[in-house]
Each structure stands twice: as C-alpha cells, then as structure tokens.
Amino acid sequence: MTAAAPVILAAIGGGLVAIAIREVSALLPALAGQLGGVVAVLALAGRENRAPSERERRRLGLVAGAMLGGLSVLLTGSVPLAGLAAAGPAAAGWTVARRRRDYRRAVERDIPAIAGAVADAVAVGGSLRLALPAAAVGLRGASAVELARVCSDLGIGLAPHRALGGLSDRLESPRVDALVAAILSQQRAGGDLAMLLRRHGRAAAERERAEREARSATAQARMTGGLVVAMPLILALLVELIAPGFVAGLAREPAALALLGAAGLLQVAGFALIHRLGEVRG
0 MTAAAPVILA AIGGGLVAIA IREVSALLPA LAGQLGGVVA VLALAGRENR APSERERRRL
60 GLVAGAMLGG LSVLLTGSVP LAGLAAAGPA AAGWTVARRR RDYRRAVERD IPAIAGAVAD
120 AVAVGGSLRL ALPAAAVGLR GASAVELARV CSDLGIGLAP HRALGGLSDR LESPRVDALV
180 AAILSQQRAG GDLAMLLRRH GRAAAERERA EREARSATAQ ARMTGGLVVA MPLILALLVE
240 LIAPGFVAGL AREPAALALL GAAGLLQVAG FALIHRLGEV RG
C-alpha cells in the first residue's frame, strides 16, 4: 500500500493537470476575443477618431488592470503590488486619449494642404460643394478620413456649413475651427475665398514650422525628464539581476514599500512638471 501511494498521488496530480489544461484551453478563445476587441478599439481611436463605448471602456480598463497587476507580481514576486491593477482604467483612458490626440494632430498638420486644395478648386470656378470632394482626392490618413466624412454628409444632402460644422465638432480643434470659419466666411461676407484660403494655408504652414523648431529646442529637456524617471527603474532591474529577490524583499517590507511609493510619486510629479515646462502649445 505504501509503495503504491506515490503512483496514486502522481495519477491524481496528472489528472488535475489535465483538467487545468482543459479549462485553460477552453478559456483561450474568450481571452483572444477580449484582447482582439481591445486592439480593435485602440486601432479605431487612432485611425478614425472613434471614442469607445462604455462597455468598451470597461473592457479596456479590465485588460489593462490585469496586465499591470500580472506584470507587477511576475517581475517582483510581491502579491501586494497586484494593487497596481487599480490603475488599469486610468492607463486605458490615457492610451485612448493619446491615440485620439495624435489623430487630431495629423489633421492639423494637413491644414495647409486642405486649404490649398480647396482654394485651387474654388479658383477654377467650382462651388464649395464641389471643392470639398476635390480637396479630399490627394489626402491620406486622418485627413482623408475626415474629408470623406464631410463628403458623405454633402452626399446625403447636408449644407456645406453643416457638414463642416460636423468636422469641427468631431475634432474639437481650434485650428480646424479656424479653417472652417475661413471656408464659410464667403457665405456670410463674400470676398475672394481662394486668396483667403491660400493666406490661411501659408499661415498654418508657418505655424507648424515654428512649432517643430520649438519642439526641437525643448527635446533635450524632455529627454532628460524621461531619463530621470527611468534611471531608478533601470538600477532596480540591474540590482535584481545581480541579487535575485532584492526587489521582492523590498516590496515585502511595509516601510520600504511606503518609501518606494513616495519616491515613485515624486518621480512622476517631476516628470510631469518637466514635460509641462517643455511642452509646445499651439
């Protein structure tokens, strides 16, 4: 009976492993679907400026929280650090906002091209309803998506001012608002729309050039801020490689954990301050 005990225990263990593998295999399609949905939401936010629904926001927050908590435990071995999962919704919201901000900036960079194309179409005698589709022909990326939406609104019978108003509402950009106001000014006050748009396009191009130069001038300060934040993390990883378990030992001590949390908050606050001081505002 004693000799058979290891065999019985091994059989039970093997059965439990088989059950666990079966359960995990059954969950894999659902997990893949969740991850695919998250990737699709982020892709649409950056490609079409689409805001996620409430359900999609919850999914993003849960996935981001699970990833943060899981990575924290795997890297440090400290279960209390799984509480970082609470930052998942904030991290997901920041990522979506960043993607949409990049989309808006892409449209703003193309304002000179949009203004010039509309001016050329108007100069040859085209109406605004015909000039807007003509301006969309040579565009790519976010600007092409937005002009295609404007053209779709025109195609279903909306007036140009309403179609362009929808463009302003979607992007919430002062630069796009200024372009729309310039395009619609002819309907309210008359005048040479082609000349006005060319001047607007040149001014927008000059503004974009000045901002690029300003970003180049402040690049060193922003890079320094990133290095200041990254250095403690890099040093902690190096110490962990030299002495495995060092980080986990710190995380198990309440006093050390509190000091690490305070240091992390100060690091993040310093990085945010440096980033804000070096930010180029349009």
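Just so it is clear: in the sequence shown, position 114 is 113 by numbering that gives the first Met the number 0, and no numbers are missing.
Each residue gets a CB set at the ideal place from its N, CA and C atoms; glycine is no exception.
- Pairing Arg-56 with Gly-92, the inter-Cα distance amounts to about 8 Å.
- In this structure, the straight-line span from the alpha carbon of Pro-243 to that of Arg-251 is close to 14 Å.
- An exposed status is given to Ser-126, since fewer than 16 other beta-carbon atoms sit within 10 Å of its beta-carbon.
- Between the alpha carbons of Phe-270 and Val-123 lies a distance of about 52 Å.
- Out of Leu-157, Ile-155, Arg-148 and Arg-208, the CA that lies nearest to the CA of Arg-169 is found in Arg-148.
- For Val-149, the enclosing alpha helix (DSSP H) has its first and last residue at 140-154.
- Following the DSSP letters along the chain, one finds Arg-214 inside the alpha helix (DSSP H) bounded by residues 192-216.
- Secondary structure of Ser-52 (DSSP, three-state): coil.
- Beyond the five residues adjoining it in sequence on each side, Ala-85 comes within less than 8 Å, by CB distance, of Gly-64 in the same chain, given in chain order.
- If the five residues before and after Leu-196 are omitted, its C-beta is found closer than 8 Å to the C-beta atoms of Ala-114, Gly-115, Val-117, Ala-118, Val-121, Ala-181 and Ile-182, all from its own chain and listed in chain order.
- The Cβ atoms of Gln-185 and Leu-192 lie closer than 8 Å to each other.
- It is roughly 6 Å from the alpha-carbon of Tyr-102 to the alpha-carbon of Ala-141.
- Three or more pairs of CB atoms, one per stretch, sit closer than 8 Å, so the region 211-227 contacts the region 260-276.
- Shown here, Val-123 sits in coil according to DSSP, grouped into three states, outside any helix or strand.
- A distance of 8 Å or more separates the beta carbons of Ala-257 and Leu-249.
- Per DSSP, Val-246 is one residue of the alpha helix (DSSP H) stretching across 245-251.
- Taking C-beta separations shorter than 8 Å and ignoring five residues to either side along the sequence, the partners of Gly-36 in its chain run Glu-55 and Arg-58, following chain order.
- Residues of the same chain with a CB within less than 7 Å of the CB of Thr-94, apart from the 5 flanking positions on each side, are Leu-41 in chain order.
- Sequence-distant Cβ neighbours of Gly-45 in its own chain, meaning closer than 8 Å and more than five residues away, are Arg-98, Arg-99, Asp-101 and Tyr-102.
- Here Glu-171 carries a coil assignment [DSSP, helix/strand/coil].
- The Cβ atoms of Gly-60 and Gly-87 sit closer than 8 Å to each other.
- Here DSSP, grouped into helix, strand and coil, assigns Val-106 to helix.
- For Leu-34, the CB contacts under 8 Å within the same chain, skipping 5 residues up- and downstream, are Val-62 in chain order.
- Classified as buried, Gly-200 has 16 or more neighbouring CB atoms from the shown chains inside 10 Å of its CB.
- With respect to the C-alpha of Leu-264, the residue from Pro-231, Glu-278, Val-238 and Leu-237 having the closest C-alpha is Pro-231.
- Spanning the alpha carbons of Val-38 and Ala-134 requires a straight line of approximately 32 Å.
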